[in-house]
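Asker: Protein chains in written order, with the numbering used here: chain U, 1 to 278; chain S, 1001 to 1336; chain P, 2001 to 2330; chain L, 3001 to 3326. All residues carry an ideal CB built from backbone N, CA and C; glycine is no exception. My questions all concern the structure below.
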Amino acid sequence: MLILKKFLRDLPAVLGALIVLAAVILAIFPELLVDNVDRINRGNIIMRLKPPSADMPFGTDDLGRNIFERVIVGTRSALTISLFVVVVSMIVGVPLGLIAGYRSGWASSAIMRVTDVFLAVPQLILAIAIAQLLGRGQISAMIALAVTYWPFFTRTVYAETQKVRASLFVEALEGYGASKTRIMLFHILPNVAAPVIVRATVGMGFVILTAAVLGFLGVGAVPPAPDWGLQISEGRKYLPEQWWYATFPGLAILLLVLGFNLLGDGLRDLVDPRLRRS
Amino acid sequence: MLLFLIRRLLLIIPVLFGLLLLTFFMLRLGGNDPAAIMAGDNATPEMIARIREELGLNQPLVVQFWDYLVSVLRGDFGVSLFSQRPVSEDILDKLPATLELTLVALVIATVLGILLGTLAGVWRNSIFDHSVRIVSVAGLATASFWFAIMLQLVFAMGFEILPLRGRLPTGMAPPPDITGMYIFDSLVTGHFAITWQAILHIIMPAVTISLGGVATVARFTRSAVVASLQSEYANYEQAVGYPRHRVVFPYVLRNSLVTPVTQVGLLFGGFISNAVAVEAVFDWPGLGSYLVQAIFTSDYQVVLAVTLVIGAIYGVVNILVDMTQGLLDPRVAEKM
Amino acid sequence: MSDAILSVRDLKLSVKGDAGLAQILDHVDFSIHPGEVLGLVGESGCGKSTLIRSIMGLPPKGARIESGSVTFKGQSLMDPKIAQTLRGREIGFIPQDPFQAFNPVFTVGDQILEILRWSGLPDDPKGGRYTKELRAKHRARLIEVLHAVQIPDPEEALTRFPHQFSGGQRQRILIAGALASRPSVILADEPTTALDVTTQMQILRLLRELAKDFNVAMLFVTHDFGVVAQICDRVTVMYAGQTVETGTTRQIIDAPRHPYTGMLMACHPERATEITGIPGQVSSPLTPPPGCRFAPRCPRATEACTTARPGLDRRADGRRIACIHEKEVA
Amino acid sequence: MTAPLLETVDLKKHYGGTRKLLQRPKPLVKAVDGIDLQLAPGEVLGLVGESGCGKSTLARTLLGLERETEGKILFEGKDVGGRGASAARAIRSDIQYVHQDPGAALDPWWRIGDTLHETLKIHGVTDKAERDARIEEMLLAVGLNDSFRRRYPHELSGGQQRRVGLARTLSLRPRLVILDEPTSGLDLSVQATVLKLMLELRAQYDLTYLFISHDLSVVERLCDRVAIMYLGRIVEIGAAEQVFSKPAHPYTQALLASAPTLERQEAGKPIEGDPPSPTNRPDGCPFHPRCPMAEAACRQSVPDLADVAAAHRVACPPALRTLTPQ
């Protein structure tokens, strides 16, 4: 309860939580703001490239589609991709980091060497290559991002595990004869959970950004999907006259990622044990 | 120190080997048939078979990998399917453009990030601190390619004060080639008109790339400064009569630089990532756009070589970062 | 007795924090005379660190001085500007933990010379710039003091980094830093707590000699009566933010009169006939008991103790005791 | 002397001394270097030394957390040495440890009650009712009421944390308890109550203590025998009364002279120099560079313990010569 109260006092974090919450609701129920979700890909050539108006606050695109509605519906794919990527990366990366950080021996060095190889090149480059190999589409983008993102979790968990491992209470447990598995699952895991949750929250935003780059470069979603990165790439051709086309999808990315980052920041402050003690 | 340098350089080798292994098998097992691409759209199966024979693509993959490895060690990265030139020549052409861009971005990120972060840390919880926080969180939330487009929209298309794309105006000849980095080369050779143009052209792409970096460096500097100001030694320094500004600079600041400097190494990867998309937006003839094009055309020799080069640069940058830490902190230096 | 150089008069201070208003100090009162070593003794939570910071003119964030004063030779240390000019120059400081007090990335020479740069020496030209010659002069003075604190090869020591010294040597260098500017009083905040026994005794003897040689007064904060016996001339005892008893070292150690001092001394392994302790816990500064703060744990407490704070009265034997049951002269 | 509960024979624990390719060599640290120790059932043996003397390493090696480099560990005459960490802990479950900082020894995310339950579970007490009963008993024994089960570690004061640490260890019904600086960082008034509690518990549960401390006054009060350690070796051991009243080893003498008492100690020069680091220990007797009695032979060979009186042994030939004239 005290924690909740503390969280509510952190205005930016609350703002972030509200943004994320709104995005989740819109991803599940786009009907709330979109008249007919099935029709968002249907063009209307007469309405082509109309500037923002009260009716269509973000204007229309080159096929006369309502950009506002397409941006709203785009929330769903953005969140789906990032949730998938982050969850898969955590499932793979967290146990590996835990093992590498707590056990010593060949398995642990092998894990870290493989992680090093993945981290030796920027994630985006590997992701583009893999996405291209798998063939263009949202699914390949998701797989490509997941395959290249898990090492980040391994690294975080590895570092945190080493910190916790050095702490006196782990030594005490070893002294009392607790098994390694018990220490790892019941003591180290909860203690590294906080930084992992923070990392995952910020990671949601990061993946949305990376996925948008894939869409923009043309290795992600396929038209006519209402993908934000893809929309920016299409809208770019109509600059500067039809500025709204490329601008609003970008603002949507900014807002949602901002939401995750603010939330992650707030959580970081919240779970900081130094602050918890007071 | 020398021992440290040698050991670290040697440690890059297995990582690069692993990287090569990963990309090689990934491309060959999952990718398109290079022979089919080389032969073109109208090739007959016989032609493709002949090319396979010539390139040794019939051999087992392990043998192919070995052959490739041997030629890489000799400095031969093969020939680009797309440009029909040796890949190493292409890379030497494109690398300076990317290096120039990332270096300028690095300078912007470090200088601005440390400045903002320090001031925010010193004036904790002030309006300035809150603004830096908002700006940096927003900076980390911005898609770089979109930000690039917005900059173009405002400064190149709207106010028309900055050039839209490229490294130099069309028609302007590049300065004599020393490093391939125009700003440096033109300064050294005295072509100041070119310097000016090169700077104008690099502003928008460099700012775009550094955006996330400024934010990251600022945040890490701020928290390090805050922690350092609350440390025992900062207390001691105040207690024995150092004036406040001296406590901050240089005493607290130099301590606080260790963490952000680590970040700069990690940032470099982010810069190259950003460069891929940003180079595309600004038509910057660098390694990033070269790589993207190679990926799209399944030019696998190029993809392999460029990933390797980027991996090597990344490794060297991280060694430099560790050595900088040694310069900042004598305790670190002693362990080297 | 000559006039006090540093006096704390009836200091009452509260700190506003997240949990509420903490009444950290409640009428602290003592003074230090030229050349004497005054021990300030109290257990954790008695407000020693807040008091030290307030004396230096660096009260903790959110602190409010509700009444009283802290003065150095008549100048108020509650004025941040005056305090800034006196810190390092007239008031030296020796910190608790020599392992933490040094900035790890600068040489010890840089750090200690920085003190002299801002404090100056009494015979420095007034208002001048900080010249090379001045720095050389400060350096020479520092080397002289480093000799006095028995640092071998001071010239070379100045160019080394803190981690290259042992704890005892670091503490010696910090002592040199406190003495170099010829201050008239030094605040020593548990300067031997972090050291080993043998090193502690070396440092205590060194401090005792230096205080005499440099003719400097000292406020020596500690929780260890053994240390007090070694170095202090007089002692003032604090409990939960209140001064409870002040007297000469022998008076306090051999014949404590305030119930708290008495019970505390009885806990000392050398004195205890039977190991006991003091029942109960120190009250929280957020909800201090009215009147005498020790009353809830005091066997002699009566109703009167909980209504009004006892005054710190001077007794016939020269000490000052804040206990209504110790009115009669012993 | 009755059969010892715990005995070590020439126990050594060395670290480092290896060099990997292209790395800085790790210096060889002889943290514990040839310790012969006997603990009689029911006694309190004080182990005194300054930081870096190897007392904590000795404790960890006895406990089984570190594997000894050389030497024997016998518990009730049975060889329990030469095992890896988990095997050693299993066979030495009669030996338990109370940490120097019992607050940090508690997992910050676990309530006290859960931690106490877990400790018993690890030791195979599967019956929850029995665990509850034991925990209740132990909390009572250390003077905490049952409500502490629901508290988190950071909600406890230093003294309370130490009580929980004692309850946790004693719930395992050990025979020998290693107490690592059990009073450091405590206020005088709290320290007294904790010491009192430890003596009561020893009587109540028939315990043997190995009491590690640097605080001589506490050791003097609490211990039956005392061993003085310097750079990985025991330099003097004997009945507490003997050692404190007639210290034989020059280091012990210096240590006693350095401990601040309630009287001002004017006489005697304090010992010179800093406690040396175990990474560059001198040849011969490790104390000779600081020793006022040092002679040529001290620089060459490491002296062994020899009887100076009944149940009082010292590792210093010059001191022996003066104290026991032939």
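Tell me whether the segment 1044–1055 of chain S and the segment 1092–1100 of chain S touch, counting them as touching only if at least three CB pairs, one residue from each stretch, are closer than 8 Å.
Answerer: No contact exists between the segment 1044–1055 of chain S and the segment 1092–1100 of chain S.
Asker: Interface residues of chain L around L2146 of chain P at Cβ under 7 Å?
Answerer: The premise fails here: L2146 of chain P is roughly 16 Å from chain L at the closest Cβ pair, so nothing lies under 7 Å.
Asker: Determine the DSSP secondary structure at D3307 of chain L, reduced to helix, strand or coil.
Answerer: strand
Asker: With 7 Å as the limit, tell me which residues of the segment 3240–3273 of chain L have their beta carbon closer than that to any beta carbon of chain P; keep them in chain order.
Answerer: A3254, L3255, S3258, A3259, P3260, T3261, L3262, E3263, R3264, Q3265, P3270 and I3271
Asker: Count the C-beta pairs between the segment 2156–2165 of chain P and the segment 2106–2115 of chain P that are closer than 8 Å, then say yes if the count reaches three, no if not.
Answerer: yes
Asker: According to DSSP, what are the bridge partners of I2032 of chain P?
Answerer: P:L2006
Asker: For G1117 of chain S and H1245 of chain S, what's the separation of their Cα atoms in angstroms?
Answerer: 16 Å
Asker: Is the beta carbon of A3167 of chain L closer than 8 Å to that of G2277 of chain P?
Answerer: no
Asker: Note down the Cα distance separating F2214 of chain P from K2137 of chain P, rounded to an integer number of angstroms.
Answerer: 19 Å
Asker: Going straight from the alpha carbon of S77 of chain U to that of Y158 of chain U, what length do you get?
Answerer: Each residue's alpha carbon lies about 31 Å from the other.
Asker: At the 8 Å Cβ level, is W1146 of chain S part of the contact set with chain U, yes or no?
Answerer: yes
Asker: Who are N2215 of chain P's beta bridge partners in DSSP?
Answerer: None; N2215 of chain P has no bridge partner.
Asker: Within 10 angstroms of its Cβ, does S278 of chain U collect 16 or more other Cβ (buried), or is it exposed?
Answerer: The predicted model places S278 of chain U with a pLDDT of 31, which falls under 50 and marks its position as unreliable; any figure quoted below should be read in that light. It is exposed - the Cβ of S278 of chain U has fewer than 16 other Cβ atoms within 10 Å.
Asker: Of the residues that make up the segment 2114–2126 of chain P, which ones have a beta carbon closer than 7 Å to any beta carbon in chain S?
Answerer: E2114, I2115, W2118 and S2119
Asker: What residues in the segment 3221–3233 of chain L bring their beta carbon closer than 9 Å to a beta carbon of chain A?
Answerer: Although the question refers to chain A, the structure presented lacks it and instead comprises the protein chains U, S, P and L.
Asker: If contact is defined by three or more beta carbon pairs under 8 Å, each pair taking one atom from either stretch, is the segment 1283–1301 of chain S in contact with the segment 1245–1265 of chain S?
Answerer: Segments in contact, no.
Asker: Let me confirm a value: A2019 of chain P is counted as buried when at least 16 other C-beta atoms fall within 10 Å, else exposed. Which label applies?
Answerer: exposed
Asker: Who does S1289 of chain S pair with in a DSSP beta bridge?
Answerer: S1289 of chain S is not bridged to any residue.
Asker: Decide if L275 of chain U is buried, meaning its Cβ has at least 16 other Cβ atoms within 10 Å, or exposed.
Answerer: Note that L275 of chain U scores a pLDDT of 44, beneath 50, so its modelled location is shaky and nothing firm can be said.
Asker: For a contact meaning CB atoms closer than 7 Å, what does F1296 of chain S contact in chain U?
Answerer: Q132
Asker: Quick one: what's got a C-beta closer than 7 Å to I2143 of chain P's C-beta in the same chain, skipping five residues either side?
Answerer: Result list for I2143 of chain P: P2154 and E2155, in chain order.
Asker: Using beta carbons (cut-off 8 Å, strictly below), is D3187 of chain L in contact with chain P?
Answerer: yes
Asker: On the CB-based measure, 16 or more other CB atoms within 10 Å of its CB, does T3169 of chain L come out buried or exposed?
Answerer: buried
Asker: To the nearest angstrom, how far is it from the Cα of I1199 of chain S to the Cα of P1205 of chain S?
Answerer: 11 Å
Asker: Given 8 Å as the limit, is there contact between the segment 1117–1131 of chain S and the segment 1217–1230 of chain S, that is, 3 or more CB pairs closer than that?
Answerer: yes
Asker: May I ask you to list the residues that DSSP assigns as paired with M3293 of chain L?
Answerer: DSSP lists no partner for M3293 of chain L.
Asker: For chain U, check one thing: does any of its Cβ atoms lie closer than 8 Å to the Cβ of T1102 of chain S?
Answerer: no
Asker: Suppose the cutoff is 6 Å on Cβ atoms and the five residues either side in sequence are ignored; what does the same chain contact list for P12 of chain U look like?
Answerer: L262
Asker: Spatial neighbours of L1009 of chain S within its chain, please: C-beta separation below 6 Å, excluding the five flanking residues on both sides.
Answerer: none
Asker: Since T2261 of chain P and F2030 of chain P should fall inside the 8 Å C-beta cutoff, what is the C-beta to C-beta distance between them, to a whole number of angstroms?
Answerer: The Cβ separation is near 14 Å, so there is no contact.
Asker: Check whether chain S comes within 8 Å of A178 of chain U, counting only Cβ atoms and requiring the distance to be less than that.
Answerer: no
Asker: Count the other CB atoms within 10 Å of the CB of Y245 of chain U; is the residue buried (16 or more) or exposed (fewer)?
Answerer: buried
Asker: Could you have a look at R268 of chain U and say whether DSSP puts it in helix, strand or coil?
Answerer: helix
Asker: Quick one: residues in its chain with C-beta nearer than 6 Å to the C-beta of P249 of chain U, no 5 flanking neighbours on either side, listed in chain order?
Answerer: Excluding sequence positions up to five before and after P249 of chain U, its CB lies within less than 6 Å of the CB of V71, W228, Q231 and I232, all in the same chain and listed in chain order.
Asker: Taking the continuous beta strand (DSSP E) assigned at G3071 of chain L, which residues delimit it?
Answerer: E3070 to F3075
Asker: Using a beta-carbon distance cut-off of less than 9 Å, what residues from the segment 1237–1255 of chain S approach chain P?
Answerer: E1237, Q1238, A1239, V1240, G1241, Y1242, P1243, R1244, R1246, P1250, Y1251, V1252, R1254 and N1255
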